Amino acid sequence: MMATTPPDIDAHRPWPKLLTRATVPMPRPGLPRRAEPIATGTEWTLGTLEKFDRAIAAHAGRLGLDTYPVQYELITASQMLDLCSTVGMPIHYPHWSFGKQLLSQEHGYRKGMTGLAYEIVINTNPAIAYLMETNTLALQVLVMAHAGYGHNAFFKTNYLFRQFTQADAILDYLQFARSFIQDCEMQYGWREVESVLDCCHALATYGVDRYRRPARLSVKRERARLNERLKFTEKHYNADFAHLHMHERDEPEPEAVSAFEPQENLLYFIEKSAPRLQPWQRELVRIVRKVSQYFYPQRLTKVANEGAATFWHYTLLNELYDAGEVDDGFMLEWIGNHGDVVAQPPFDARGYHGLNPYALGFSIFRDIRRICDVPTDEDRQWFPGLAGSPWQDAIQFAMTNFKDDSLIEQYLSPKVIRDMRLFMMHDGEDDRAHYNVRAIHNESGYMTVRQGLAAQYRSEAYIPTIVVARSGDDAERALLLQHRVESGRMLDAKSTETVLGYVKQLWKFDVVLEEIDADGTRLKIHRT
Amino acid sequence: MTHGGATAGDAPGPATAGLVRIVDRRADPPGRGAVNRERFIRRFKDDIKRAADEEFGKRSIKDVGRGGRISIPGRGLAEPRLTHDDESGSRDFVLPGNRDYVPGDNIVRPRGGEDDGADGDAAGTGEGTDSFAFALSREEFLALFFDDLELPNLERTRFGEMSMERMRRGGYSREGLPANLLPGMTVRMGIARRIALRGALAERIEELEQECAGAENAARAELLEQIEALRRRREHLPYLEDVDRRYRSRVPTAAPATRAVMLCLMDVSGSMDERKKDLGKRFFALLYLFLERKYGHVDVIFVRHTETAEEVDEQRFFHDPQTGGTLVQPALALAYQIIQARFAGPDWNVYVAQASDGDCTGEDGRQSAAFLAQQLLPLVRYFAYIDIPSSGGWFSRASDLWQSYDAVEGRAFARRTVRDRSDIWPVFRELFARKQAA
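Residue numbers (the working numbering), protein chains in the order written: chain A, 2 to 529; chain B, 4 to 441.
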């Protein structure tokens with residue numbers, strides 16, 4: 002409709018004169034528009050989806066988005082439920098916890114209490130994005146832009162994903178894991194397998210190398226290694242002398258106490274050094290560890306990843322609109338969904354479940370663009386390098402080089418703090434009956450709030466730091482774990498007891514966990 | 004076929020820019036989730052079974068076989084992780100949506116429950132003490148329901164096939180009632196006949212014409228006459244003849260009777276306690292499931308009796324307490340009346356299941372046995388009697404009714420004693436396996 006309007010005075014004010022600002026989305030004035038949208042209404046066909054994908058790809062290319070090729074898979078609602086239950090992977094080894102997830106989601110979905118995830122995208126090459134058949138046209142295109150381009154670009158560019166995950170090997174590896182675990186179940190019984198997996202799952206967050214780039218996953222090598230190892234160890238396995246055989250194939254290092262370096266990859270340590278684990282049990286530990294490692298970057302980049310994807314679907318769909326490729330009804334529909342996704346209820350609302358990573362990330366990325374396009378004096382002061390620079394480059398840089406905490410520390414602007422009305426509270430030992438407000442969204446509080454929020458997203462803030470301090474240096478073969486207590490935060494006694502029970506099941510001898518402060522003074526000791 | 008999750012490694016086909024790959028996986032077999040689902044049920048079998056048993060008590064017989072909502076206690080479901088103790092140390096946290104707090108304000112710390120100040124990751128790691136609700140499918144529910152009974156592998160062959168004569172369409176016939184005439188078919192046959200005859204006549208005419216060409220005058224005239232006659236005949240072939248008529252044909256075929264009714268007879272006198280009623284209910288439910296499998300739809304009639312018999316709804320049948328003596332014969336008589344009035348005829352499969360603790364007077368027993376043998380049995384496909392003796396005494400003597408039923412003979416009659424839930428399935432199998440042998 003706008004395409005035929007000749008440029009006149011109203012080109013600068015495309016909305017009716019009575020309104021001072023747009024209340025419904027309006028295309029940017031002065032752009033060439035298509036005469037007809039690509040499609041209208043809510044119905045879609047594979048053909049229309051392909052056309053939309055081409056249109057999105059064109060805009061994404063123009064804006065400099067670097068992505069893996071995408072493969073879309075059209076699935077039903079129940080297939081989506083299946084996917085959600087196995088953390089979004091199309092292949093996974095079987096475990097009851099996935100069943101629990103499935104049952105509760107299915108129940109919620111049937112009762113209408115929860116909707117289904119709109120988008121699941123798998124970090125592989127090519128990226129796989131799932132489109133649910135029940136979605137309307139607008140939602141499909143939203144998902145395509147969000148998952149197929151937003152997440153996809155993030156996976157391809159972000160340093161953590163580049164460093165830590167091998168996009169092209171994970172599905173093969175999971176396939177391998179599944180068949181291995183099924184074989185184990187046949188051979189050793191499902192109870193045995195399940196109990197080992199339960200133990201490993203409880204420790205999955207302690208199964209990652211945080212700084213070292215993990216070895217490439219390769220199913221071929223994995224199989225070869227496995228065969229060799231299983232053959233060797235099974236031939237020689239003897240429960241009583243198992244620990245003596247442990248290091249035969251590794252370089253024979255004398256396990257001197259003084260030479261023991263603290264290790265933070267607990268599962269790796271257990272896999273390599275647990276004295277009485279059967280070879281296949283070590284393999285299970287390894288599988289859980291590898292899978293956990295794959296998801297490690299995702300844990301660290303919730304805000305950045307979702308923020309970037311949301312920013313990109315918002316940008317790309319608006320581009321489609323500006324080019325006249327979609328109509329107003331389309332815009333109104335997806336903006337409704339978008340609004341739900343980025344809603345942030347206030348802390349005292351009933352629906353508050355913590356900060357919404359979509360909302361926070363989207364605000365940050367939107368604000369980066371705003372600072373580039375129309376900087377204020379405040380922005381020039383806070384972001385001198387950013388204000389007025391080309392926004393594509395700035396967004397690209399932010400997507401490439403940061404994880405959650407660093408992104409917030411670098412980019413959380415006073416405007417976002419004000420808009421979200423962020424404030425910081427303190428919970429201290431001096432006054433357990435109250436929270437104390439430390440900083441709010443004002444001139445003196447911006448920096449404190451920003452740093453406080455960044456700290457909150459560091460993994461140490463929500464996952465206690467545990468290291469293996471010593472093992473097997475006495476007749477008891479006990480395993481000594483240490484928790485470095487920071488600002489007096491001790492471990493929750495109940496969950497610690499349960500988890501130590503799991504560690505003991507793997508280690509098979511006593512496990513001791515001591516909590517030490519920065520000076521190395523022991524504060525508390527947990528024993529199994 | 005769009006199969007194989009194998010996507011790894013290779014770049015997509017030809018590296019054309021903008022080439023989209025949309026794979027339709029909607030037709031893929033479902034059930035990846037089923038493995039995990041089954042594992043979950045296996046792990047929490049005891050809890051789920053308890054819940055399913057409770058659910059069973061609440062359900063009507065017709066609903067027993069349906070899937071449904073189950074709720075189990077949340078203990079044991081939590082997947083523990085190491086967490087910080089929020090009662091120790093100090094921490095700062097950022098929240099959205101400030102209203103009117105300024106630095107220095109103190110806010111009363113919320114107690115108990117989920118600490119809403121914690122970051123989102125704290126949620127869901129705690130011990131889940133709430134109950135966990137989910138839905139079971141029909142198969143899963145049945146598997147649990149029959150768990151003590153070893154899940155029956157329901158087979159059609161367990162029941163002899165009852166067949167009845169039905170007239171079915173069976174092609175066309177040359178004879179029939181005028182009402183069954185098929186005009187279209189008849190005309191078509193006429194056309195075919197005319198085409199065939201015309202061809203045959205034309206051949207004959209041609210032959211004669213050839214003969215004619217080389218014949219003498221006298222013979223020639225005769226031939227020409229013949230040709231002329233044939234030509235006329237060919238011109239005036241009748242439009243319809245008797246042989247063209249076609250009728251719809253109906254042939255008698257044996258078809259299984261499709262409608263089934265199940266009469267549940269139960270003694271509800273004072274001596275039938277809850278345990279016995281539950282056993283009875285399980286037996287009835289099992290029978291219902293079998294019949295439903297076979298017939299699709301089964302009517303269920305409940306007849307309870309003390310000294311008198313009455314037809315009641317299911318709720319009152321199982322749950323309305325009654326006291327009084329026991330007379331069996333009136334119940335059988337009422338069943339007889341009901342069958343005669345509503346379910347008579349060859350296309351009804353009538354099944355009667357009677358559950359009782361077997362208390363009755365000798366006179367009533369004799370009468371019942373006689374009535375059953377002479378009047379009721381000829382009407383029904385099957386009459387199953389289960390005897391549920393009191394669990395008390397250590398010696399068991401056959402009950403009065405059981406002894407009376409010694410007199411009843413017949414293919415359609417079977418009886419068994421059930422003492423415990425685990426007896427029900429074997430008894431059931433035995434009852435119906437006998438049919439197969441017969």
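Cβ atoms here follow ideal geometry from the backbone N, Cα and C, with glycine treated the same way. Owing to the predicted nature of the structure, the values given are computational and were not obtained by experimental measurement.
For I467(A), the C-beta contacts it makes with chain B under 9 angstroms involve L85, in order along the chain.
By the criterion of a C-beta distance shorter than 7 angstroms, L161(A) is surrounded in its chain by P298, L301, T302 and K404, once the five residues flanking it on both sides are discounted. Residues of chain B whose Cβ lies closer than 8 angstroms to the Cβ of A440(A) are, in chain order, P106. Any Cβ of chain B closer than 9 angstroms to the Cβ of L480(A) would place that residue at the interface, and such an atom is absent. If you draw a straight line from the Cα of L85(B) to the Cα of Y463(A), it comes to about 9 angstroms.
Proximity to G327(B) across A312(B), Y339(B), L233(B) and K280(B) peaks at A312(B), based on C-alpha coordinates. Selection G308(A), Y69(A) and W335(A) evaluated against L321(A) yields W335(A) as nearest (Cα-Cα). Separation of S79(A) and N319(A) (C-alpha to C-alpha, rounded to the nearest whole angstrom) is 31 angstroms. Between the region 54-70 of chain A and the region 89-96 of chain A, the count of Cβ pairs shorter than 8 angstroms is below three; the stretches do not touch. At a beta-carbon threshold of 8 angstroms, none of the residues of chain A lie near S134(B); the nearest stands roughly 11 angstroms away. Annotation: Y412(A) has no Cβ neighbours in chain B at a cutoff of 8 angstroms; minimum Cβ distance is about 15 angstroms. For chain A, none of the residues of the region 179-195 of chain B brings a beta carbon within less than 7 angstroms of one of its beta carbons. In this structure, DSSP gives S252(B) an extended state, which the three-state scheme calls strand.
Under a criterion of Cβ atoms nearer than 7 angstroms, no residue of chain B is adjacent to K416(A); the nearest Cβ is some 14 angstroms distant.
Excluding five sequence positions before and after L204(A), the CB atoms of its chain that fall closer than 6 angstroms to its own CB belong to L267 and L268, given in chain order.
Where K495(A) is concerned, the enclosing alpha helix (DSSP H) starts and stops at A494 to W508.
The Cβ-Cβ distance between L330(B) and C363(B) falls below 9 angstroms.
Under the DSSP definition of a beta bridge, D27(B) partners with L75(A). According to the DSSP assignment, T420(B) belongs to the beta strand (DSSP E) that extends over F416 to T420. Here the alpha carbon of N153(A) sits roughly 20 angstroms from the alpha carbon of A139(A).
Taking 9 angstroms as the CB threshold, F431(B) stays off the interface with chain A.
The C-alpha of L184(B) lies about 7 angstroms from the C-alpha of R248(B). Only T86, H87, D88, D89, E90, S91, G92, S93, R94, D95, F96, V97, L98, P99, G100 and N101 from the region 86-101 of chain B bring a Cβ to less than 8 angstroms from some Cβ of chain A. A straight-line Cα-Cα distance of about 14 angstroms links V197(A) and F181(A). Counting only the Cα atoms, F312(A) lies some 37 angstroms from N109(B).
Taking 9 angstroms as the threshold, the shortest C-beta distance from I76(A) to chain B falls below it.
By the rule that beta-carbons nearer than 9 angstroms mark a contact, K221(A) does not touch chain B. Following the DSSP letters along the chain, one finds F53(A) in no beta strand (DSSP E) but inside the alpha helix (DSSP H) bounded by residues L47 to R63. The beta carbons of S105(A) and N39(B) sit about 12 angstroms from each other, so the pair does not count as a contact at 8 angstroms.
Residue nearest to A387(B) within the set G100(B), S140(B), L266(B) and P113(B) is L266(B) (criterion: CA-CA distance). Under the three-state reduction of DSSP, S140(B) is assigned to coil, being neither helix nor strand. Those residues of the region 183-214 of chain A placed with their C-beta closer than 9 angstroms to a C-beta in chain B are W191, E195, D199, H202, A203, L204, A205, T206 and Y207, ordered along the chain. One Cα belongs to K525(A), the other to R290(A), and the distance between them is close to 28 angstroms. One Cα belongs to K273(A), the other to V486(A), and the distance between them is close to 27 angstroms. Rounded to whole angstroms, the gap between the alpha carbons of A59(A) and M90(A) is 29 angstroms. Within its own chain, the residues whose Cβ lies closer than 6 angstroms to the Cβ of Q378(B), once the five positions on either side in sequence are excluded, are Y339, listed in chain order.
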